[in-house]
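A short write-up of the structure that comes next.
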Amino acid sequence: MRISVQPTENETISIAKRTAAEQAQALARDPNQAGSVVELRRVVTDILARLEWLEIQVNKLKVR
Amino acid sequence: MDREDVYFAFRIPHDAEFVSTCCNLLFGERIETTTNRTGVIVHPRPRQLTEDELAQLEAVLRAVRPFSLSVDKTRIQAGGTDYAVVTVQSSGDSVVLLVRDTEVEVPLIDGQGVLEITAEAPTIEPIVVRAKDHLVYGFAQVEVEAI
Numbered sequence: 089m090r091i092s093v094q095p096t097e098n099e100t101i102s103i104a105k106r107t108a109a110e111q112a113q114a115l116a117r118d119p120n121q122a123g124s125v126v127e128l129r130r131v132v133t134d135i136l137a138r139l140e141w142l143e144i145q146v147n148k149l150k151v152r
Numbered sequence: 260m261d262r263e264d265v266y267f268a269f270r271i272p273h274d275a276e277f278v279s280t281c282c283n284l285l286f287g288e289r290i291e292t293t294t295n296r297t298g299v300i301v302h303p304r305p306r307q308l309t310e311d312e313l314a315q316l317e318a319v320l321r322a323v324r325p326f327s328l329s330v331d332k333t334r335i336q337a338g339g340t341d342y343a344v345v346t347v348q349s350s351g352d353s354v355v356l357l358v359r360d361t362e363v364e365v366p367l368i369d370g371q372g373v374l375e376i377t378a379e380a381p382t383i384e385p386i387v388v389r390a391k392d393h394l395v396y397g398f399a400q401v402e403v404e405a406i
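Chains as they are written, first to last, in this note's numbering: chain A, 89 to 152; chain B, 260 to 406.
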């Protein structure tokens with residue numbers, strides 16, 4: 089029999105942060121986007137908002 | 260034996276460390292014990308167990324089962340495809356393991372069962388696999404991490 093282990097809350101947040109960092113790095117390396125500070129800022133802001141939402145959800149689960 | 264040693268004349272499939280840890284869980288104190296081929300000796304150190312405590316300990320020890328865990332590899336690739344094979348050996352028809360905090364009943368065939376572990380995401384804390392009921396199966400555990 090097989091069991092698939094789901095990530096813990098900490099691991100979920102860590103994965104989201106790592107994904108955000110990778111996206112930001114990829115954007116910075118992309119010659120089409122290089123110099124597009126506005127676009128980079130938009131993406132980072134979006135990612136931070138998503139992370140904040142995720143942490144709020146996790147905290148709600150902890151309270152339950 | 261010391262004068263106050265207590266001797267249980269039956270064998271258990273675990274060592275003295277298991278008995279001491281049981282005492283700690285049951286009575287809040289690690290009692291010095293010895294196991295050998297014929298039985299279990301409970302020493303009066305750091306204190307003598309009471310008659311009731313000794314009866315409780317004997318009941319627990321008579322119910323213990325053999326138990327061993329092994330894993331073919333301790334590191335797997337995250338993503339749900341790669342897997343580690345945990346092999347459990349015990350007695351009875353099945354044994355309930357805890358994979359992290361999830362209970363998994365593993366059927367035993369000829370005293371052996373197999374559980375495959377996959378992980379959806381890289382782990383921060385290792386995936387710990389152990390028996391649910393420590394006082395019956397002991398404290399053996401294996402760990403797997405996903406990268």
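Just so you know, even glycine gets a beta-carbon here, dropped at the ideal spot from N, CA and C. Fair warning: this is a prediction, and the values are worked out from it, not measured in the lab.
| Item | Value |
| --- | --- |
| Cβ-Cβ separation, ILE383 (chain B) to ASN98 (chain A) (assumed contact under 8 Å), whole Å | 5 Å |
| From B:VAL299, B:PRO272, B:VAL344, residue whose alpha carbon lies closest to that of VAL388 (chain B) | B:VAL344 |
| Secondary structure of TYR396 (chain B), DSSP reduced to three states | helix |
| Supposed contact pair LEU357 (chain B) and LYS391 (chain B) - C-beta distance, whole angstroms, cut 8 Å | 5 Å |
| Backbone secondary structure at GLU384 (chain B) - three-state DSSP | coil |
| Proximity winner among B:LEU308, B:ALA268, B:PRO381, B:THR297, relative to CYS281 (chain B) (alpha-carbon distances) | B:LEU308 |
| Exposure of LEU136 (chain A), with buried meaning 16 or more beta-carbon neighbours within 10 Å | exposed |
| Spatial distance of VAL301 (chain B) from VAL365 (chain B) (CA atoms) | 33 Å |
| Residue environment, TYR266 (chain B), which counts as buried when at least 16 other CB atoms sit within 10 Å | exposed |
| Identified DSSP bridge partners for VAL401 (chain B) | B:VAL388 |
| CB contact below 7 Å: ILE135 (chain A) versus chain B | no |
| Sequence-distant residues of its chain with Cβ nearer than 8 Å to ASP352 (chain B) (five each side left out) | PRO366, LEU367 |
| Helix, strand or coil at GLU362 (chain B) according to DSSP, with G and I counted as helix | strand |
| ALA114 (chain A) to THR107 (chain A) span [Cα, whole Å] | 10 Å |
| Cross-chain neighbours of GLU99 (chain A) in chain B, by beta carbon under 8 Å | ALA380, PRO381, THR382, ILE383, GLU384 |
| Span of the beta strand (DSSP E) around ILE300 (chain B) | 299–301 |
| Nearest-angstrom Cα separation, counted from GLU276 (chain B) out to ALA322 (chain B) | 17 Å |
| Close Cβ partners of GLY298 (chain B) (< 7 Å) along its chain, the five nearest in sequence each way excluded | TYR266, PHE267, ALA268, PHE269, ARG270 |
| Length of the line joining the Cα atoms of GLU127 (chain A) and ALA378 (chain B) | 34 Å |
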